Ligand code: DTR
Ligand code: CA
Ligand code: ZN
Ligand code: ZN
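In mature numbering (1 follows the signal peptide of the UniProt record, and there is no 0), the protein residues as written are -29 to -1, 1 to 288.
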């Protein structure tokens, strides 16, 4: 649900020093495939994604119960994600901005290598509403993007294109963080982004399988994956303009993404093809205090995390 942005979002970008690249190869790792080879995407262990969700839950619980913009839980969660990425060899940058009188942060992580003239991005908003821990909205997307990034490192993947992952602040205030990022790209750097993939609510407890229909090639990539699973999908229409893909789309960047549903009710026809409960919201804890680690469907989280990895591998080859 989007709140009008209250107050002017002024931005002061304080770019943390990029960490040095981790040096050396991963002990015992398989030799990296030839750069640009169409390597097969790995399975993303859903247990790893859920472990990140458990951490995000613990952090929220220890910080007033949420991960909201401007609250301690948000920055503590961002630091958790950043530490994992730094240890895995990413170059990470924190972008600082101000919105509604509070400091917000984006985390942008680049995987060294690949053609920086063709950048494939995957992102998710890390902030929650103040009502709760936001484990589905949007710990689910944030944890899946993190685990896919860590899988790239574990695989020593060297795609033809350059990979970049991002965790946005203040999405709940109106996509403030992602809009700040896009607005502060030079025209040249904006043109270098060949696609942005958005993951916002991908583990809903009464799940649907929705694919964004913005860019046809990205949409086909996701649909091909689910066809391979034998899982029917529907076009995502509820979220147009309501998440972090919107600033990228408005800037002319091809976008796509996945969604498992929010407060709309699952129909009988949808329950017949996807299971779950007709007449019940896809996520009845949307923006509520019950959006905890108990508010996740593991199968949906697993399938969407694997689809995320498949799209990252496919679109960056
Ligand atoms: N995740 C919600 C915004 C939202 C509502 N429906 C959709 C559909 C697709 C993407 C995002 C959304 C939030 O952040 O409040
Ligand atoms: Ca999996
Ligand atoms: Zn929300
Ligand atoms: Zn969201």
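Backbone N, C-alpha and C fix where the C-beta goes; we use that ideal spot for every residue, glycine too. This structure is a prediction, so every number in the text was calculated from the model and none was measured.
_I'd like to know whether the C-beta atoms of residue 272 and residue 174 end up nearer to each other than 7 Å._
What you label residue 272 is simply residue 301 of the chain shown in a count that begins at 1. What you label residue 174 is simply residue 203 of the chain shown in a count that begins at 1. Cβ atoms of residue 272 and residue 174: closer than 7 Å.
*Does ligand 4 have a heavy atom nearer than 6 Å to the CB of residue 14?*
The sequence position of residue 14 within the chain shown is 43, counting from 1. Result no, Cβ not under 6 Å from ligand 4.
*Confirm, please, whether the CB-CB distance from residue 193 to residue 58 is below 7 Å.*
Mapped onto the chain shown, residue 58 falls at position 87. Mapped onto the chain shown, residue 193 falls at position 222. Not in contact: residue 58 and residue 193 (Cβ atoms no closer than 7 Å).
_Proximity test, residue 17 beta-carbon vs ligand 2 heavy atom, cut-off 6 Å_ = Mapped onto the chain shown, residue 17 falls at position 46. Because some heavy atom of ligand 2 lies under 6 Å away, the Cβ of residue 17 counts as near it: yes.
*Comparing the CB of residue 210 with every heavy atom of ligand 1, is any distance shorter than 6 Å?*
Within the chain shown, numbered from 1, the residue matching residue 210 stands at position 239. At least one heavy atom of ligand 1 is nearer than 6 Å to the Cβ of residue 210, so yes.
*Which residues bound the alpha helix (DSSP H) around residue 123?*
Locating residue 123 in the chain shown gives position 152, counting from the first residue. Here the alpha helix (DSSP H) through residue 123 covers 112 to 126.
*Leaving out the 5 sequence neighbours to the left and right, which residues in its chain are closer than 6 Å to residue 177 when beta-carbon positions are compared?*
Taking the chain shown and counting its residues from 1, one reaches residue 177 at position 206. Only 237, 247, 248, 251 and 253 meet the Cβ criterion.
*Top-ranked residue by Cα proximity to residue 98, from 210, 166 and 31*: For the purposes of this step, residue 98 is identified with residue 127 of the chain shown, where counting begins at 1. Cα-wise, what sits closest to residue 98 is 31.
*Hey, residue 218 and residue 149: beta-carbon distance below 7 Å or not?*
For this step, residue 218 is matched to residue 247 along the chain shown. For this step, residue 149 is matched to residue 178 along the chain shown. In contact: residue 218 and residue 149 (Cβ atoms closer than 7 Å).
_Distance, residue 220 Cα to residue 94 Cα_ = As a working note, residue 94 is residue 123 in the chain shown. As a working note, residue 220 is residue 249 in the chain shown. Cα to Cα, residue 94 sits roughly 14 Å from residue 220.
*Please confirm whether any heavy atom of ligand 2 lies closer than 6 Å to the CB of residue 268.*
In the chain shown, the residue the question calls residue 268 occupies position 297. Residue 268 Cβ: outside cutoff for every heavy atom of ligand 2.
*Out of 197, 276, 27 and 203, state which residue places its alpha-carbon closest to the alpha-carbon of residue 103.*
Taking the first residue of the chain shown as 1, we reach residue 103 at position 132. Nearest of 197, 276, 27 and 203 to residue 103, Cα basis: 27.
*asked:* Which residue marks the beginning of the alpha helix (DSSP H) containing residue 51, and which one marks its end?
replied: Indexing the chain shown from 1 puts residue 51 at position 80. From DSSP, the alpha helix (DSSP H) with residue 51 extends over 43 to 58.
*Pull up the DSSP beta-bridge partners for residue 68, would you.*
For the purposes of this step, residue 68 is identified with residue 97 of the chain shown, where counting begins at 1. The partner list for residue 68 (beta bridge, DSSP) reads 75.
*Taking the alpha carbon of residue 142 as the point to measure from, which residue in 43, 105 and 266 has its own alpha carbon closest?*
Residue 142 sits at position 171 when you count from the first residue of the chain shown. Taking only the C-alpha atoms, the option nearest residue 142 is 105.
*asked:* I need the DSSP call for residue 6, collapsed to helix, strand or coil.
replied: Taking the chain shown and counting its residues from 1, the one referred to as residue 6 is at position 35. Any reading at residue 6 must be qualified, since the residue scores a pLDDT of 48, below 50, and its modelled position is unreliable; the value itself is stated next. Residue 6 falls in the coil class under three-state DSSP.
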